[in-house]
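Chemist: Going down the list, the sequences are from chains A and B.
Residue numbers for the first sequence follow our numbering, so the first one is 1 and each next one is one higher.
Residue numbers for the second sequence follow our numbering, so the first one is 325 and each next one is one higher.
There are 2 protein chains.
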Amino acid sequence: MNINDVLELVTDEREAVEKNLIDNLDSDVEMVNKVASYVFESGGKRLRPVFMILSALMCGYDGERSIKLSGVVEYIHTATLLHDDVIDGALYRRGKKSANNIFGNDITVLCGDFLYSRAFMNLVKDGNCDIQMILAVAAATMSEGEVFQLIKTADVKITMEDYLKIINSKTAVLFSSCCEIGAILGEVSEEKQKALATFGRTLGIAFQMADDILDYLGDPEKTGKKPGTDLNEGKITLPVITLLENATDAECKRVRDIIVDERATDENLNYILELMHRYDIKAKSELVVDKYIQESKQSLELFENNKYRAALDFLADYMVAREK
Amino acid sequence: MNINDVLELVTDEREAVEKNLIDNLDSDVEMVNKVASYVFESGGKRLRPVFMILSALMCGYDGERSIKLSGVVEYIHTATLLHDDVIDGALYRRGKKSANNIFGNDITVLCGDFLYSRAFMNLVKDGNCDIQMILAVAAATMSEGEVFQLIKTADVKITMEDYLKIINSKTAVLFSSCCEIGAILGEVSEEKQKALATFGRTLGIAFQMADDILDYLGDPEKTGKKPGTDLNEGKITLPVITLLENATDAECKRVRDIIVDERATDENLNYILELMHRYDIKAKSELVVDKYIQESKQSLELFENNKYRAALDFLADYMVAREK
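#1: How about Ser-422 (chain B) and Asp-430 (chain B): are their beta carbons less than 7 Å apart?
#2: Give the residues of chain B in contact with Asp-106 (chain A), contact being defined as C-beta atoms less than 7 Å apart.
#3: Kindly indicate which three-state DSSP category Lys-226 (chain A) falls into: helix, strand or coil?
#4: In three-state DSSP terms, what is Arg-94 (chain A)?
#5: List, in order along the chain, the chain A residues whose C-beta lies closer than 7 Å to that of Val-461 (chain B)?
#6: Please work out which residues of its chain come closer than 6 Å, Cβ to Cβ, to Lys-170 (chain A), disregarding the five sequence neighbours upstream and downstream, and give them in chain order.
#7: Does Phe-314 (chain A) have its Cβ less than 7 Å from a Cβ in chain B?
#8: How is Ile-617 (chain B) classed by DSSP in three states: helix, strand or coil?
#9: Only counting the same chain, and skipping five residues up and downstream in sequence, which positions put a Cβ closer than 6 Å to that of Leu-196 (chain A)?
#10: Within the present structure, is the beta-carbon of Val-147 (chain A) separated from the nearest heavy atom of the ligand ADP by less than 6 Å?
#11: Determine contact between the stretch 129–137 of chain A and the stretch 481–489 of chain B, defined as no fewer than three beta-carbon pairs at a distance below 8 Å.
#12: Assuming Cys-435 (chain B) contacts Val-147 (chain A) (C-beta within less than 8 Å), just tell me the rounded distance between them.
#13: In this structure, how does DSSP classify Asn-424 (chain B) when only helix, strand and coil are distinguished?
#14: Mind checking Met-319 (chain A): buried by the 16 CB within 10 Å criterion, or exposed?
#15: Are the beta-carbon atoms of Asp-554 (chain B) and Asp-539 (chain B) separated by less than 7 Å?
#16: Of all the residues that make up the stretch 399–427 of chain B, which are near chain A by a beta-carbon distance shorter than 7 Å?
#17: Could you tell me whether the Cβ atoms of Leu-164 (chain A) and Met-209 (chain A) are closer together than 7 Å?
#18: Among residues of its own chain, excluding the 5 on either side of Asp-336 (chain B), which ones have a beta-carbon nearer than 6 Å to its beta-carbon?
#19: Tell me where the alpha helix (DSSP H) around Cys-576 (chain B) begins and ends.
#20: For Phe-364 (chain B), decide whether its Cβ has a neighbour in chain A, counting only Cβ atoms nearer than 7 Å.
#21: Could you check whether His-277 (chain A) and Val-433 (chain B) sit closer than 7 Å to each other, using their CB atoms as the reference points?
#22: Determine whether the beta carbon atoms of Thr-198 (chain A) and Ser-299 (chain A) lie at a separation below 7 Å.
#23: Around the C-beta of Gly-200 (chain A), are 16 or more other C-beta atoms found within 10 angstroms, so that it is buried, or is it exposed?
#24: Could you give the residue range of the alpha helix (DSSP H) that holds Ile-158 (chain A)?
#25: Would Asp-296 (chain A) and Thr-202 (chain A) be called neighbours here (beta carbons separated by less than 7 Å)?
#26: Counting along the chain, where does the alpha helix (DSSP H) carrying Leu-25 (chain A) start and finish?
#27: Report the three-state DSSP secondary structure of Val-356 (chain B) (helix, strand or coil).
#28: Check this for me: beta carbons of Ala-530 (chain B) and Val-613 (chain B), under 7 Å apart or not?
#29: First and last residue of the alpha helix (DSSP H) that includes Asp-211 (chain A)?
#30: Quick one, are the C-beta atoms of Ala-443 (chain B) and Tyr-399 (chain B) less than 7 Å apart?
#31: Cβ closer than 7 Å: which chain B residues qualify as neighbours of Gly-127 (chain A)?
#32: Note down, in chain order, each residue of its chain lying with its Cβ closer than 6 Å to the Cβ of Lys-606 (chain B), except the 5 sequence neighbours on either side.
#33: Give the residues from the stretch 13–31 of chain A that approach chain B closer than 8 Å (Cβ to any Cβ), ordered along the chain.
#34: Let me know the secondary structure DSSP gives Asp-280 (chain A) once reduced to three states.
#35: Could you work out which residue in A:Lys-307, A:Gly-224, A:Leu-275 is closest to Arg-93 (chain A) when comparing CA atoms only?
Written out as structure tokens, the structure is:
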């Protein structure tokens, strides 16, 4: 099984999701449609819909609700991206100019709000209270998590527990919601619903961790990004936390000083990267990722072994795949 | 009947709403509670809850749901205020520093998002699909309306229809929702539900128009504000639209040039104010307000004449009361 085999399993559904995302943009204020269409036509892998739809299929549901609810989740996800880009002053997203860069912060914040409310409308139309509550809690957790991340910027006393809370909020909770919704659509037992929620959560955590490792230790030729963006933004992530657990007191002090006072000059970044290589931080961090991926895959064992389960199992590894 | 008589009718409910607003702020990210508490403790007249609760009482409902749903509406209203203040770069709100002024734009945007999602959670808990849909549509309309207002900034070709669309979105739709929800809680006929929705909508339009008149033509000693804020921000409102309908072509050209190119120097503002006095724009604009208030009060005629109806009837006039 490779990634194309997986995507082929849900070709029709993915097309239907794209159509749903655009069809729902029927604001009578043309600018709102324009901004939202711009964002959706800029692409995006629609990972969350793929997980929801495969989860539903694995649980025996192949109706239309997973398409519509995927649209809801992408609207919520996109609203958070729009607001994050305004907050970070990001100029680009997915290799294209960000919405705030083209349309301005004001319109971008409001279009985020519009997508939230449109997501909510479609959730009300779907009519399932459990699903509504899952996504309401997810949305609250995501905004709280962003605030928490802001507060913890350049806070070198951040703990692994704080870090887990941040990545749970910013990434894992929405993946978890998608998989759990798939289970609810399939009307499986509560035990299975919980297992799929765990699958999504642990996979989301591992996915964000893998991304955070790449930020420092990825191959720039493959990632297309200069290493150390997170250092620049004062975001303290898994590789730095792991480094601080392994380096000498003097080295830790220097690393902390860099984070607190100086941020990412080339010299500082190189110092940190050299320490990371010396202490084998990539391998050590990847062990943590692997632990979550294992937990994630174990959650699938409860389910009958069909091609959709195999696809989810494959995706768990694929989401954190890296050059060895 | 005076305003104190009206407020006394709902003293307990108003206290319960205040408690509900604060009690629901139980984020485990302390900063989120801090920002939201700051905003709620800064006051606000809680007009929307008063209208929802009086509507419910008039329709025979006196249970707890109107308190909880008032909390939902205030969360949505406050989220829009937080985002608006970020967009406008407002430094003050209700005579105190604005949240963005104290906590920064980033945290303020995210706390707005948090309030939206918390509002949504409480709506899901309430469990009534009609009410959920009313507020989802209201939230979408509000964000669309703000975008529309931004697009129409300093657009001198704005029509009365455009202006009505803007004030319907920014003010009337939420008042309308509150009154309609009161009717739903009271389980009255659909005709009565519609009548209360109309009551809230027309009253909301009149209220916003009265506010827009005061912005140019209010007594600064009573409003506490320098006239012409809207001119400064390029917002074209009822008194300007009325002026453009009444002035000569040459005067209109000068007014348009001021709005498009120059904005509010004292000299420009005085020119516009002088024209407004010459053409009796205050009285002419107030005629429009009165038309909406009349429509609003007519909508109440369908209901049994009890003290709550009398209170709503009083409030309709009170909301647009002015020195004659």
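Just so it is clear, CB atoms sit at the ideal spot from N, CA and C, and this is done for glycine as well.
Please read these numbers as outputs of a predicted model, since none were measured by experiment.
Modeler: Short version:
#1: As a position in the second sequence, residue 422 (chain B) is number 98, starting the count at 1. As a position in the second sequence, residue 430 (chain B) is number 106, starting the count at 1. It is not a contact, given that the beta carbons lie outside the stated cut-off.
#2: Position 106 of the first sequence holds residue 106 (chain A). Chain B residues near Asp-106 (chain A): Ile-411, Leu-474.
#3: Locating residue 226 (chain A) in the first sequence gives position 226, where the first residue counts as 1. Lys-226 (chain A) falls in the coil class under three-state DSSP.
#4: As a working mapping, residue 94 (chain A) is identified with position 94 in the first sequence. Of the three classes helix, strand and coil, the one that applies to Arg-94 (chain A) here is coil, per DSSP.
#5: Position 137 of the second sequence, counted from the first residue, corresponds to residue 461 (chain B). The contacting residues are Met-121.
#6: Residue 170 (chain A) sits at position 170 when you count from the first residue of the first sequence. Within the same chain, Lys-170 (chain A) has close Cβ partners Gly-145.
#7: As a first step, residue 314 (chain A) is located in the first sequence; it is residue number 314 there, counting from the start. Chain B, which has no Cβ nearer than 7 Å to the Cβ of Phe-314 (chain A), makes this no.
#8: Taking the second sequence and counting its residues from 1, the one referred to as residue 617 (chain B) is at position 293. In the structure shown, Ile-617 (chain B) sits in a helix (DSSP, three-state: H, G or I).
#9: As a working mapping, residue 196 (chain A) is identified with position 196 in the first sequence. Same-chain partners within the cutoff: Ser-55, Cys-179, Glu-180, Ala-183.
#10: As presented, the structure is devoid of all ligands, the ligand ADP included, so that no description of it is given.
#11: no
#12: Numbered from 1 along the second sequence, position 111 holds the residue referred to as residue 435 (chain B). Numbered from 1 along the first sequence, position 147 holds the residue referred to as residue 147 (chain A). Right, the Cβ-Cβ distance comes to about 7 Å (below 8 Å), so this counts as a contact.
#13: Start at 1 with the first residue of the second sequence, and residue 424 (chain B) comes out as number 100. Three-state result, Asn-424 (chain B): helix.
#14: As a first step, residue 319 (chain A) must be located in the first sequence, where it is residue number 319. That one is buried.
#15: To locate residue 554 (chain B), count along the second sequence from 1; it is residue 230. To locate residue 539 (chain B), count along the second sequence from 1; it is residue 215. Yes; because the gap between Cβ atoms is below 7 Å, this pair is in contact.
#16: His-407, Val-410, Ile-411
#17: The residue given as residue 164 (chain A) occupies position 164 in the first sequence. The residue given as residue 209 (chain A) occupies position 209 in the first sequence. Against a cut-off of 7 Å, the Cβ pair of Met-209 (chain A) and Leu-164 (chain A) comes out as no contact.
#18: By 1-based counting over the second sequence, the position of residue 336 (chain B) is 12. Once the five neighbours on either side are set aside, Asp-336 (chain B) has no close Cβ partner at all.
#19: As a position in the second sequence, residue 576 (chain B) is number 252, starting the count at 1. Per DSSP, Cys-576 (chain B) belongs to the alpha helix (DSSP H) from 573–581.
#20: Translated into the one-based positions of the second sequence, residue 364 (chain B) becomes position 40. Answer no: the Cβ-Cβ gap between Phe-364 (chain B) and chain A never drops below 7 Å.
#21: Sequence index remark: in the second sequence, residue 433 (chain B) carries index 109 (1-based). Sequence index remark: in the first sequence, residue 277 (chain A) carries index 277 (1-based). In this structure, His-277 (chain A) does not lie closer than 7 Å to Val-433 (chain B) by Cβ.
#22: Here residue 198 (chain A) refers to the residue found at position 198 of the first sequence. Here residue 299 (chain A) refers to the residue found at position 299 of the first sequence. Yes, the Cβ-Cβ distance between Thr-198 (chain A) and Ser-299 (chain A) is below 7 Å.
#23: Translated into positions along the first sequence, residue 200 (chain A) becomes position 200. Label assigned to Gly-200 (chain A): buried.
#24: Taking the first residue of the first sequence as 1, we reach residue 158 (chain A) at position 158. Premise fails: Ile-158 (chain A) is in no alpha helix (DSSP H) and is neither H nor E.
#25: If you number the first sequence from 1, residue 296 (chain A) lands on position 296. If you number the first sequence from 1, residue 202 (chain A) lands on position 202. Checking the sequence shown, residue 296 (chain A) turns out to be Ser, not Asp. In contact: Ser-296 (chain A) and Thr-202 (chain A) (Cβ atoms closer than 7 Å).
#26: Reading the first sequence from its first residue, position 25 is the one you call residue 25 (chain A). Unbroken run through Leu-25 (chain A): none, as it is neither H nor E.
#27: Position 32 of the second sequence holds residue 356 (chain B). Of the three classes helix, strand and coil, the one that applies to Val-356 (chain B) here is helix, per DSSP.
#28: To locate residue 530 (chain B), count along the second sequence from 1; it is residue 206. To locate residue 613 (chain B), count along the second sequence from 1; it is residue 289. In contact: Ala-530 (chain B) and Val-613 (chain B) (Cβ atoms closer than 7 Å).
#29: Taking the first sequence and counting its residues from 1, one reaches residue 211 (chain A) at position 211. It spans 190–217 - the alpha helix (DSSP H) in which Asp-211 (chain A) sits, taken as one unbroken run.
#30: Locating residue 443 (chain B) in the second sequence gives position 119, counting from the first residue. Locating residue 399 (chain B) in the second sequence gives position 75, counting from the first residue. Yes.
#31: As a working mapping, residue 127 (chain A) is identified with position 127 in the first sequence. Those are Cys-453, listed as they occur along chain B.
#32: Within the second sequence, the letter at position 282 stands for residue 606 (chain B). The residues are Leu-541.
#33: Ser-27, Asp-28, Val-29, Met-31
#34: Position 280 of the first sequence, counted from the first residue, corresponds to residue 280 (chain A). Correct three-state label for Asp-280 (chain A): coil.
#35: Within the first sequence, residue 93 (chain A) is the residue found at index 93, counting from 1. The shortest Cα separation from Arg-93 (chain A) among A:Lys-307, A:Gly-224, A:Leu-275 belongs to A:Gly-224.
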